[in-house]
Amino acid sequence: MPELPEVETTVRGLEPVLQGKRIASIETRRPDLRRPFPADLRQRMTGARVTALGRRAKYGLIETDRGDTLVFHLGMSGSWRLDPAELGKHDHLLIETEEGRRVALNDPRRFGSVDLVATDRLNEAEPFRGMGPEPLGESFEGSYLKRALAGRTAGIKLLLLDQRIVAGLGNIYVCDALNLAAIAPGRAGGGLSLARLERLAESVKAVLIEAIAAGGSSLRDFVQPNGELGYFSSQWRVYGREGKPCPRCAAPIRRRTEGGRSTFYCAKCQR
DNA sequence: CCGACAACCTGACGGC
DNA sequence: TGCCGTCAGGTTGTCG
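Residue -18 is where the first sequence starts when you use this note's numbering, and the numbers rise one by one after that.
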C-alpha cells in the first residue's frame, strides 16, 4: 500500500544503496508502466552519480549530478527490491551501481510511473505543478486548511485526497486521521471550525509520523531473503477494520463507499 | 465546483 | 481443483 509513509520508507531503504554511488547501468524490461519510460533514460542516467534521494507527496526522487531527477511513483502495487537474487516478471526497471548493488522496481499492476525531470525546475514540472503543501511541512496547519477549504461543500475526506489541497495523502491515512480528529468523513470541508481544522492537521501529521516510524523500525527487515523493499504492516486505526471497535470509543467501525472507494469511520464519535 | 464513474492492470481471496 | 466475481494503495479524465 504505497502511500506517503511507504514511499518515505522506500526512499530511506534505497538511500544506503544509491546515495553517492555511480550508476553503472539502468535497464528497462518493458516499454512502459502507466506511461512509457523516458526515451532517454538510459543515456541520461548511465554513468551519473546519485547526489540525493528524496520524496515529494507520494513520489520518490533520485537526483543525479547531471541536473536530472528520476521521479518514481509506486502506483497501487509498486515496490523496490534490493539485490534481487533473480528477476521476476514484474521487475520492470533495474539499476546497478558501480559497486554491483542492484535495485529493481517491481510493479505487478503497472499503475506506477518513472519520469526524468530537470532538478532545478522540479516544482514547476509535472506532476508537481499546482500541488498543495506537504502534510508534514510547517505550512500545513489549521489556518492553511481554513483558507484552502473556504466555501467548499464537498466532504472533508474527498478534499483531503485532493493533491492540490494537500499533497501526499491517500485513502488509508485520511480515514485514520479523520478518526483521530473525531471528524465525520462526509462533513463539508468549508463548514469546519478553525479549532477542528487545527486538530485535523495535527492528526494528519500524527498518523503519518507514526506510520513512518513503524516503517523505519521494520526497515531492517527489508533486506530479507526475498530482497523486497516496499510495504510494512502497520496498526491502522479504522482502515480495513469494519466491525472492529473504534479506538476512540469502541463502537463498531463502519464502512461506506463514496466515489468508488471505501471509507472506514466511526459513526458514534466522528462528528 | 460537485459527485459519480470509468479506465489503467494484476493478484488475492471468497464462494460455489 | 478450478472457475468466477469482487476488491485493492493512485491518478486522470469524462459527464451531467
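No residue lacks a Cβ here, since even glycine has one placed at the ideal position from N, Cα and C.
It should be emphasised that the depicted structure is a prediction, and the values quoted were computed from it without experimental measurement.
Between which residues of its own chain and A29 is the CB-CB distance below 8 Å, once the five residues before and five after are set aside? R3, I4, T45, D46, R47 and D49
On a Cα-Cα basis, can you pick out the residue from R25, A248, E122 and G93 that is closest to A182? E122
Please report the Cβ distance between D157 and Y220, rounded to the nearest whole angstrom; I am assuming they are in contact, meaning their Cβ atoms lie under 8 Å. 6 Å
Which residues in the same chain have their Cβ closer than 6 Å to the Cβ of C230, if we skip the five residues on either side of it in sequence? K249 and C250
Enclosing alpha helix (DSSP H) for T78 [first to last residue]: Careful: T78 lies outside any alpha helix (DSSP H), inside the beta strand (DSSP E) at D72 to T78.
Identity of the residue in V147, E(-11) and G171 nearest M112 by Cα: V147
CA nearest to the CA of I164, picked from C247, N104 and A192: C247
Helix, strand or coil: which one does DSSP assign to L140? When DSSP states are grouped into helix, strand and coil, L140 belongs to the helix group.
6 Å CB neighbourhood of S243 in its chain, flanking five on each side removed: R236
Between the beta-carbon of K225 and the beta-carbon of L117, is there less than 8 Å? no
6 Å CB neighbourhood of N87 in its chain, flanking five on each side removed: S60, R62, H71 and D72
For Q205, I'd like the list of residues in its chain whose CB is within less than 7 Å of its CB, leaving aside the five on either flank, ordered along the chain. Confidence in Q205 is poor, its pLDDT being 42 and thus under 50, which makes the residue's placement too unreliable to answer from.
Taking 8 Å as the limit between beta carbons, can you name the residues of its chain near E80, skipping five residues before and five after? K2
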